[in-house]
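S.K.:
Number of protein chains: 2
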Amino acid sequence: MSVDTSDTDGRRAKGRRTRAQILETAADIASVEGLEGLTIGRLASELAMSKSGLFAHFGSKEELQLATIGAARDIFARNVVEPAKEAERGLPRLEALITAKLSYMRAEIFAGGCFFETVRSEFDSREPGPVRDAIEADLQDWEQLMVRAITSAKKAGHLRADADAEQLLFEIDALSGTASQRHQLNGDASLYDRAEAAIRARLRAATV
Amino acid sequence: MSVDTSDTDGRRAKGRRTRAQILETAADIASVEGLEGLTIGRLASELAMSKSGLFAHFGSKEELQLATIGAARDIFARNVVEPAKEAERGLPRLEALITAKLSYMRAEIFAGGCFFETVRSEFDSREPGPVRDAIEADLQDWEQLMVRAITSAKKAGHLRADADAEQLLFEIDALSGTASQRHQLNGDASLYDRAEAAIRARLRAATV
DNA sequence: TAGAAGTACGAACGATCGTGCTTTTTAGCA
DNA sequence: TGCTAAAAAGCACGATCGTTCGTACTTCTA
Chain A
3 MSVDTSDTDG RRAKGRRTRA QILETAADIA SVEGLEGLTI GRLASELAMS KSGLFAHFGS
63 KEELQLATIG AARDIFARNV VEPAKEAERG LPRLEALITA KLSYMRAEIF AGGCFFETVR
123 SEFDSREPGP VRDAIEADLQ DWEQLMVRAI TSAKKAGHLR ADADAEQLLF EIDALSGTAS
183 QRHQLNGDAS LYDRAEAAIR ARLRAATV
Chain B
3 MSVDTSDTDG RRAKGRRTRA QILETAADIA SVEGLEGLTI GRLASELAMS KSGLFAHFGS
63 KEELQLATIG AARDIFARNV VEPAKEAERG LPRLEALITA KLSYMRAEIF AGGCFFETVR
123 SEFDSREPGP VRDAIEADLQ DWEQLMVRAI TSAKKAGHLR ADADAEQLLF EIDALSGTAS
183 QRHQLNGDAS LYDRAEAAIR ARLRAATV
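Line by line, the protein sequences give chains A and B.
The first sequence maps to residues 3 to 210 in our numbering.
The second sequence maps to residues 3 to 210 in our numbering.
As structure tokens, then:
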């Protein structure tokens, strides 16, 4: 569960710093080009260091990809999940999660929109393996978080008892995810307003 | 507009046949791996012919990509647009377009789900050029078709006069497109039911 | 302060990419 | 049944990919 890079075995301050710096840039590139388009040569020249020197930090491309996913996960948690935790349980927290994610997308914390939107569509039809598993695990964590928020809102009487949590989640993520994707394609930021309006109307219809 | 391959200059029957055969396989591969993942070597070995022999049909990778898009467009038109044209103008035709697209996705006419869903997410953050332009043009043709159907349904009194056509289109495409994408990721075909239910509810809310 | 371990570099590898150039095979018409 | 042009193959190229190896430089510790 906790992805923490606890292997503090052989690592010095300098190494940890450059490693973190590499992953920050890697997440940005991968949010645009995907985790396969994230090339070691490109990443190295972006950071003005040698391919081999960068490579030594990870030992394989797959390890770099996994570490990048972990770094992106941390950024997502810091910008979306944690701020929303301050809202009260039930509908307020659900709405906080939704607006936090939308403003995180609007702010383009990652260069290519939402990191996980990019890698999700990249791996939807690709070969299985540890990288795909890691992506799916993170996506499922988000879905679980959202389903719990919806269920909590139902129990609190904020949402209708017969509301289908999975269905609601699907619609919310479809609308916000598509807005982010299309915004990358044509630069039209008003799509976030469309997504927000649709989600708001959908939530109103599910309110008691 | 019409993509027809009218350059019948120097071309023999055999050449046209293999070319069509190449493009059929190419569209299938690209629907899974994307238009960059569509590699000439991979395509050649899939068809049991030489790289250079295949390459000669197009002269460049870009030309192959553009031809593949054209072939995919034809398949989409044959399976979605044309069947829906038999429905009456207004709401029936709009609903016919929606169900035709959903069943085209469900049937997995392309190996990787909807070809245009795949290439859209591939080129959302990628470099501009003729290939990206061709994709955008086809996507806009679809959107125009849908907006016209919605507007027609409004004029016929089937949908509320104050319904926002662009907003409605965004929501419909977001829901169906996401269903197709996620189905590729986890194999869950029930997502199409979720999309259909959401779209149906949304249309009901916009009905007079 | 000497030595060990972490950090970074340059060069080179096999593989694969798109793309030319040349040659051989094949199809269709006289 | 030949002749010709199209179709397909063969071969080789430069570039880039991930990866390995040997080697310097730096940082911390005994």
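Where is the CB? At the ideal position from N, CA and C, for every residue including glycine.
Identify whether LEU161 of chain A lies in helix, strand or coil by the three-state DSSP scheme.
M.R.: Translated into the one-based positions of the first sequence, residue 161 of chain A becomes position 159. If DSSP states are grouped into helix, strand and coil, LEU161 of chain A belongs with the strands.
S.K.: Would GLN23 of chain A pass as an interface residue toward chain B - the criterion being a Cβ-Cβ separation below 7 Å?
M.R.: Position 21 of the first sequence, counting from 1, holds the residue named residue 23 of chain A. Closer than 7 Å: no.
S.K.: My output table needs one value for THR180 of chain A: the three-state DSSP class, helix, strand or coil.
M.R.: Stepping through the first sequence from its first residue, residue 180 of chain A is reached at position 178. The answer is helix: DSSP assigns THR180 of chain A an H, G or I state.
S.K.: Please tell me whether ARG196 of chain A has its Cβ less than 7 Å away from any Cβ of chain B.
M.R.: Locating residue 196 of chain A in the first sequence gives position 194, counting from the first residue. True, the Cβ-Cβ gap to chain B drops below 7 Å.
S.K.: If you drop the 5 nearest sequence neighbours on each side, which residues of the same chain put their C-beta closer than 6 Å to that of ILE1 of chain A?
M.R.: Because chain A is modelled from 3 through 210, residue 1 of chain A falls outside the range shown and cannot be assessed.
S.K.: Could you list which residues in chain B have their beta carbon closer than 8 Å to that of THR180 of chain A, in chain order?
M.R.: As a position in the first sequence, residue 180 of chain A is number 178, starting the count at 1. Going along chain B in sequence order, the residues near THR180 of chain A (Cβ under 8 Å) are PHE172, ASP175, ALA176, GLY179, THR180.
S.K.: In whole angstroms, what is the alpha-carbon distance linking ARG128 of chain A and VAL34 of chain B?
M.R.: Counting from one through the first sequence, the residue named residue 128 of chain A turns up at place 126. Counting from one through the second sequence, the residue named residue 34 of chain B turns up at place 32. If you take the alpha carbons of ARG128 of chain A and VAL34 of chain B, they lie about 7 Å apart.
S.K.: Looking at the C-beta of GLY114 of chain A, does it have a partner C-beta in chain B at a distance below 7 Å?
M.R.: By one-based count along the first sequence, residue 114 of chain A stands at place 112. For GLY114 of chain A, the answer is yes, since a Cβ of chain B falls inside 7 Å of its Cβ.
S.K.: Using the DSSP secondary-structure output, state which residues sit across from THR2 of chain A in a beta bridge.
M.R.: There is no way to answer for residue 2 of chain A, as the model of chain A reaches only from 3 to 210.
S.K.: Go ahead and label THR209 of chain A buried or exposed: buried means 16 or more other beta carbons lie within 10 angstroms of its beta carbon, across all protein chains shown.
M.R.: Residue numbering aside, residue 209 of chain A sits at position 207 when the first sequence is read from its first letter. When all chains shown are included, THR209 of chain A counts as exposed.
S.K.: Could you spell out where the alpha helix (DSSP H) holding MET51 of chain B opens and where it closes?
M.R.: Counting from 1 along the second sequence, the entry for residue 51 of chain B is found at position 49. Looking at the DSSP string, MET51 of chain B is not in any alpha helix (DSSP H), and its letter there is neither H nor E.
S.K.: Any beta carbon from chain B within less than 7 Å of ASP126 of chain A's own beta carbon?
M.R.: Taking the first residue of the first sequence as position 1, residue 126 of chain A is located at position 124. Taking Cβ atoms only, chain B reaches closer than 7 Å to ASP126 of chain A, which makes this a yes.
S.K.: Please classify ASP126 of chain A as buried or exposed, where buried requires at least 16 other C-beta atoms within 10 Å of its C-beta.
M.R.: Looking up residue 126 of chain A in the first sequence gives position 124. It is buried - the Cβ of ASP126 of chain A has at least 16 other Cβ atoms within 10 Å.
S.K.: Between LEU187 of chain B and chain A, is there a C-beta pair that is closer than 7 Å?
M.R.: Translated into the one-based positions of the second sequence, residue 187 of chain B becomes position 185. Yes, LEU187 of chain B lies at the interface with chain A (some Cβ there is under 7 Å from its Cβ).
S.K.: Enumerate in chain order the residues of its own chain whose CB-to-CB distance from GLY55 of chain B is below 8 Å, with the five nearest sequence positions on each side excluded.
M.R.: Taking the first residue of the second sequence as position 1, residue 55 of chain B is located at position 53. Excluding positions up to five away in sequence, the list reads ALA46.
S.K.: Identify the residues that DSSP records as bridge partners of THR209 of chain A: which are they?
M.R.: On the first sequence, position 207 is the one that residue 209 of chain A refers to. The partner list for THR209 of chain A (beta bridge, DSSP) reads A:LEU161.
S.K.: Under 7 Å between C-beta atoms, does SER54 of chain A make it to chain B?
M.R.: Against the first sequence, residue 54 of chain A aligns to sequence position 52. No, its Cβ sits nowhere closer than 7 Å to a Cβ of chain B.
S.K.: With a cut-off of 7 Å, does the C-beta of GLN67 of chain A fall near any C-beta of chain B?
M.R.: Counting from one through the first sequence, the residue named residue 67 of chain A turns up at place 65. Chain B contact via Cβ: absent.
S.K.: What did DSSP end up calling HIS59 of chain A once you bin it into helix, strand or coil?
M.R.: Locating residue 59 of chain A in the first sequence gives position 57, where the first residue counts as 1. The answer is coil: DSSP assigns HIS59 of chain A none of H, G, I, E or B.
S.K.: Among residues of its own chain, excluding the 5 on either side of GLY36 of chain A, which ones have a beta-carbon nearer than 8 Å to its beta-carbon?
M.R.: Locating residue 36 of chain A in the first sequence gives position 34, where the first residue counts as 1. Closer than 8 Å at Cβ, skipping near neighbours: THR120, VAL121, GLU124.
S.K.: Using DSSP with H/G/I as helix, E/B as strand and the rest coil, what is PHE125 of chain B?
M.R.: Here residue 125 of chain B refers to the residue found at position 123 when the second sequence is read from its first residue. Three-state result, PHE125 of chain B: coil.
S.K.: In three-state DSSP terms, what is SER154 of chain B?
M.R.: Residue mapping note: residue 154 of chain B aligns to position 152 of the second sequence, counting from 1. In the structure shown, SER154 of chain B sits in a helix (DSSP, three-state: H, G or I).
S.K.: What residue range does the alpha helix (DSSP H) around ARG95 of chain A cover?
M.R.: Reading the first sequence from its first residue, position 93 is the one you call residue 95 of chain A. Taken as a continuous stretch (DSSP letters only), the alpha helix (DSSP H) holding ARG95 of chain A covers 93-108.
S.K.: Reducing DSSP to helix, strand and coil, say where LYS87 of chain B ends up.
M.R.: By one-based count along the second sequence, residue 87 of chain B stands at place 85. DSSP places LYS87 of chain B in coil when its eight states are reduced to three.
S.K.: Step through the CB atoms of chain B and report whether any lies within less than 7 Å of the CB of VAL34 of chain A.
M.R.: Residue numbering aside, residue 34 of chain A sits at position 32 when the first sequence is read from its first letter. Closer than 7 Å: yes.
S.K.: Is the beta carbon of ILE152 of chain B closer than 7 Å to that of LEU141 of chain B?
M.R.: Walking along the second sequence from the start, residue 141 of chain B turns up at place 139. Walking along the second sequence from the start, residue 152 of chain B turns up at place 150. No, they are not a contact pair.
S.K.: Nearest chain A C-beta to GLN142 of chain B closer than 7 Å, yes or no?
M.R.: By 1-based counting over the second sequence, the position of residue 142 of chain B is 140. With 7 Å as the cut-off, GLN142 of chain B does not count as an interface residue toward chain A.
S.K.: Is it a yes or a no for the stretch 146-165 of chain B touching the stretch 187-197 of chain B, going by three-plus beta-carbon pairs under 8 Å?
M.R.: Not touching, per the Cβ criterion.
S.K.: Relative to the C-alpha of ALA163 of chain B, which residue among B:GLY43, B:ALA69, B:GLY92 is closest?
M.R.: Taking the second sequence and counting its residues from 1, the one referred to as residue 163 of chain B is at position 161. The residue with the shortest Cα to Cα distance from ALA163 of chain B is B:GLY92.
S.K.: Alpha carbon to alpha carbon, how far is ARG19 of chain A from ARG75 of chain B? Give it in angstroms, no decimals.
M.R.: Taking the first residue of the second sequence as 1, we reach residue 75 of chain B at position 73. Taking the first residue of the first sequence as 1, we reach residue 19 of chain A at position 17. Taking the straight line from one Cα to the other gives about 49 Å.
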